[in-house]
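Those sequence lines, one after another, are chains A and B. The number in the numbering used here is simply the position in the first sequence, starting from 1, with 27 added. The number in the numbering used here is simply the position in the second sequence, starting from 1, with 187 added.
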Amino acid sequence: EAGVAQSPRYKIIEKRQSVAFWCNPISGHATLYWYQQILGQGPKLLIQFQNNGVVDDSQLPKDRFSAERLKGVDSTLKIQPAKLEDSAVYLCASSSERGGRTEAFFGQGTRLTVV
Amino acid sequence: AQSVTQLGSHVSVSEGALVLLRCNYSSSVPPYLFWYVQYPNQGLQLLLKYTSAATLVKGINGFEAEFKKSETSFHLTKPSAHMSDAAEYFCAVTPTGFQKLVFGTGTRLLVSP
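As structure tokens, this is what we get:
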């Protein structure tokens, strides 16, 4: 079974530029998450989708971050404009639709460096 | 809000020694608890999870954790450390009724020969 796919693996941009990350979850997984992991910290949830609807985006900086999950499968996370403090690893995860007991499977992440 | 606290940002052990990584949770209702491992430049991999079925949970790679309600703890242990266990370990909690994971700050395990 293929895992969660993310691209690109690494990205370096200048501040005020825009960037987009892509995620393809495990086939059949209804729930998709985007997490931000700043160096030395645990992952923090940015947004959670259930199929193509947003369940939780309370910690998403909506003035600069946006995310979409078209057709309830792939997802894209965008930052525009980027700030230095956005430097982090962006992790995508997916899980099946069976409540909190269900394991979340993580991709390898995209490491963003803003200079 | 439910949360987890991991005591010790770094833990160093010798190869063959006992591994003990501490995690305490804050919750007014029985939570679902998880331990994940992260190797350098990799995503997170599930080690084990507690979902109220049994208090002693066995996971992959010889790890286990015990849920202690009286101590609000879910510490991760392994009897004998291997060099390959060197990684970052995260404790996480899922608020009952939701699916999102709330992570602790992580503990880096260092294993010396």
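Don't be surprised by glycine CBs; every beta carbon is placed ideally from N, CA and C.
Roughly how many angstroms lie between the CA atoms of residue i and residue j, to the nearest whole one?
{"i": "S214 of chain B", "j": "V100 of chain A", "result": "33 Å"}
{"i": "S239 of chain B", "j": "P217 of chain B", "result": "8 Å"}
{"i": "R96 of chain A", "j": "K71 of chain A", "result": "19 Å"}
{"i": "F221 of chain B", "j": "Y117 of chain A", "result": "20 Å"}
{"i": "K256 of chain B", "j": "Y212 of chain B", "result": "9 Å"}
{"i": "E202 of chain B", "j": "L297 of chain B", "result": "10 Å"}
{"i": "R43 of chain A", "j": "V142 of chain A", "result": "10 Å"}
{"i": "A109 of chain A", "j": "C210 of chain B", "result": "34 Å"}
{"i": "L233 of chain B", "j": "S93 of chain A", "result": "28 Å"}
{"i": "H56 of chain A", "j": "W49 of chain A", "result": "16 Å"}
{"i": "V31 of chain A", "j": "V191 of chain B", "result": "26 Å"}
Looking at the unbroken beta strand (DSSP E) that takes in residue i, where does it start and where does it end?
{"i": "A115 of chain A", "result": "115-122"}
{"i": "A268 of chain B", "result": "Note, A268 of chain B: premise wrong, no beta strand (DSSP E); not H, not E."}
{"i": "H197 of chain B", "result": "197-201"}
{"i": "F250 of chain B", "result": "No beta strand (DSSP E) holds F250 of chain B; DSSP gives it neither H nor E."}
{"i": "V224 of chain B", "result": "219-225"}
{"i": "S54 of chain A", "result": "Note, S54 of chain A: premise wrong, no beta strand (DSSP E); not H, not E."}
{"i": "E275 of chain B", "result": "274-281"}
{"i": "Q189 of chain B", "result": "Counting along the chain, Q189 of chain B falls outside any beta strand (DSSP E), and DSSP gives it neither H nor E."}
{"i": "S93 of chain A", "result": "92-95"}
{"i": "G80 of chain A", "result": "80-83"}
Let me confirm a value: residue i is counted as buried when at least 16 other C-beta atoms fall within 10 Å, else exposed. Which label applies?
{"i": "D90 of chain A", "result": "exposed"}
{"i": "L111 of chain A", "result": "exposed"}
{"i": "A252 of chain B", "result": "buried"}
{"i": "S122 of chain A", "result": "buried"}
Who are the near neighbours of residue i in its chain, counting only those whose CB is closer than 6 Å to its CB and skipping five residues on each side?
{"i": "Y37 of chain A", "result": "R138"}
{"i": "T292 of chain B", "result": "Q193"}
{"i": "D84 of chain A", "result": "I74"}
{"i": "G249 of chain B", "result": "K265"}
{"i": "H197 of chain B", "result": "R295"}
{"i": "E275 of chain B", "result": "Q225, G293, R295"}
{"i": "T140 of chain A", "result": "I39, S114"}
Nearest to residue i by CA position, among the options, is which residue?
{"i": "F299 of chain B", "options": "B:H262, B:L205, B:G230", "result": "In the sequence under discussion, the amino acid at residue 299 of chain B is Ser, which differs from the Phe named in the question. S299 of chain B has its Cα closest to that of B:L205, out of B:H262, B:L205, B:G230."}
{"i": "A279 of chain B", "options": "A:S122, A:A131, A:D113", "result": "A:A131"}
I'd like the list of long-range same chain contacts for residue i, defined as Cβ closer than 8 Å, with 5 residues on each side in sequence excluded.
{"i": "D272 of chain B", "result": "V206, N248, K265, L296, V298"}
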